[in-house]
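Report on the structure given below.
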Amino acid sequence: MNKIELNSLTLKELREYMVSIQEKSFRGEQVFSYFHRNKKVDIENLKVLPENLRKYLLDNIKVNKIDIYKVFDSKIDDTKKYLFLLDDMNIIESVAMEYNHGLTACISTQVGCKMGCSFCASTKEGLIRNLTPAEMVNQIYMMEKDLGKDISNIVLMGSGEPLDNYDNTMKFINIIHDEKGHNISLRNIALSTCGVVPRIYDLANENIPITLSISLHSPFDAERKKIMPIAKKYSIDELMKACRFYSEKTKRRITFEYTLIDNVNDRDVDIKELIKILEGLKCHINLIPLNPIREFNKDRPSRKNIERVQRILSNRGIAVTIRREMGGDISASCGQLRRAVTQGNNKRF
Ligand code: SF4
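Taken in order, the sequence shown gives residues 1 to 349; the numbers are from full-length UniProt numbering.
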């Protein structure tokens, strides 16, 4: 029988677990604070618990731990990229970025990804497995320990499609937001999806005001299908309907990630259609100059063209930014670092 992973449980689940083993429910709160406020994982040192309970837990449950495998420190800005080693020897990638508004962590939600976006290195070996909630929170805690300060903003934008690992991602958000734990504001959490339409409706119905970020990359179904297989399943029309539902339900502005690819989606016709599909929607567009990968033989547009796209959108009253390139000297976009290391080592991860 699989053992329960205790630091993957929400506070409510931990209280219920304690009751299920004939303990008082407040023991669940003590364990939760130990994991998620003190960021500790060694139950044997949780001295506030009676010895018999500690022994019972050591025999009957498991606690997830992850280790830092490698850290890459940018020389040009305050970005650090981390490779973490999981207990089954898989490797995942996370990034910590220093902004004016605080320390932001970009974390992974899966090992690999099955979504197949052609510009993304994370998907090249497909999905290996989902991460547990504890593996997600531990990315945050390990970076905080290494950096000696707290993370204030989280983006679920590393390897993996968070809405393809829906239940674990929701538990992660519940745990990291809990005031008895890390207590990160929901408004400081952003979830990025390639557009898993039914799950966007589910997320809207959760009533949690996190920021939804959509990887759009083209306003045309035909073009989007070429670079994002999910577009074969859900049309732009269906995606935009789900986005409007999310925005109305949560009153939150939606971010659209738009990777600019030279002569693919940066033409006047693309930008004109983009303006059309976003009409009346509270949104923000994040333009991301393409970070070329070996398997996707396309270029980023010139700086002049990137700024031209920004100007056109801005003149139409759309909030638009160009993503600042962080840690450009320590490998590039999501998944590339992990892939470089795992391929170099020729290991199964
Ligand atoms: S961009 Fe995101 S959803 Fe698409 S393949 Fe990469 S990790 Fe998966």
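The C-beta atom is built at its ideal place from N, Cα and C for all residues, glycine as well. Because the structure is a prediction, the values reported are computed rather than measured.
In the DSSP assignment, Lys226 falls within the unbroken alpha helix (DSSP H) covering Asp221 to Ile227. Sequence-distant Cβ neighbours of Asp87 in its own chain, meaning closer than 8 Å and more than five residues away, are Asn64, Lys65 and Ile66. Runs of the beta strand (DSSP E) spanning 3 or more residues and lying entirely within the region 50–93 occur at 67–73 and 79–85, in chain order.
Cα atoms of Phe296 and Lys251: separation of roughly 37 Å, rounded to the nearest angstrom.
Look at which beta carbons fall closer than 5 Å to any heavy atom of the ligand SF4; those residues are Cys113, Met115, Cys117, Cys120, Ser122, Thr123, Glu161 and Cys194. Secondary structure note for Arg316: it is in no beta strand (DSSP E), with a DSSP letter that is neither H nor E. Boundaries of the beta strand (DSSP E) harbouring Thr211: Thr211 to Ser215, taken from the DSSP string. Sequence-distant Cβ neighbours of His177 in its own chain, meaning closer than 6 Å and more than five residues away, are Ile184 and Leu186. Excluding sequence positions up to five before and after Glu238, its CB lies within less than 8 Å of the CB of Val197, all in the same chain and listed in chain order.
Counted as a single uninterrupted DSSP element, the alpha helix (DSSP H) harbouring Cys243 occupies residues Ile236 to Thr250. One thing to note: His284 has its Cβ no nearer than 8 Å to the Cβ of Ala231. Taking all protein chains in view, the Cβ of Pro219 is crowded by 16 or more other Cβ atoms within 10 Å, so the residue is classified as buried. By the neighbour-count definition (other C-beta atoms within 10 Å, threshold 16), Pro289 is a buried residue. Runs of alpha helix (DSSP H) with 4 or more residues, each lying fully within the region 145–218, are found at 166–177 and 197–205, listed in chain order. Annotation for Ile21: no alpha helix (DSSP H) segment contains it, and DSSP assigns it neither H nor E. Counting along the chain, Val111 sits inside the beta strand (DSSP E) bounded by residues Gln110 to Gly112.
When Glu98, Ser235 and Asp299 are compared, the shortest CA-CA separation from Ile76 is found for Glu98.
With a 10 Å radius around the Cβ and a threshold of 16 neighbouring Cβ atoms, Arg224 comes out buried. Taking Ile254 as the centre and dropping the five residues before and after it, the same chain places the C-beta of Leu212, Cys243, Ser247 and Cys283 closer than 6 Å to its C-beta, in chain order.
Following the DSSP letters along the chain, one finds Ile271 in no beta strand (DSSP E) but inside the alpha helix (DSSP H) bounded by residues Asp268 to Ile277. Distance from the CA atom of Leu11 to the CA atom of Lys80, rounded to whole angstroms, is 31 Å. As DSSP reads the structure, Leu281 sits in no beta bridge.
For His101, the number of other beta carbons within 10 angstroms of its own is below 16, and it is reported as exposed.
In this structure the region 202–210 lies against the region 157–177, because at least three pairs of beta carbons, one per stretch, are closer than 8 Å. At the C-beta level, Ser94 and Leu131 stay beyond 8 Å of one another. Apart from sequence neighbours up to five positions away, the residues of its chain that approach Pro301 with a beta-carbon distance below 6 Å are Leu260, Asp262 and Asp266, ordered along the chain. In the structure shown, Thr321 adopts extended strand secondary structure according to DSSP, grouped into three states.
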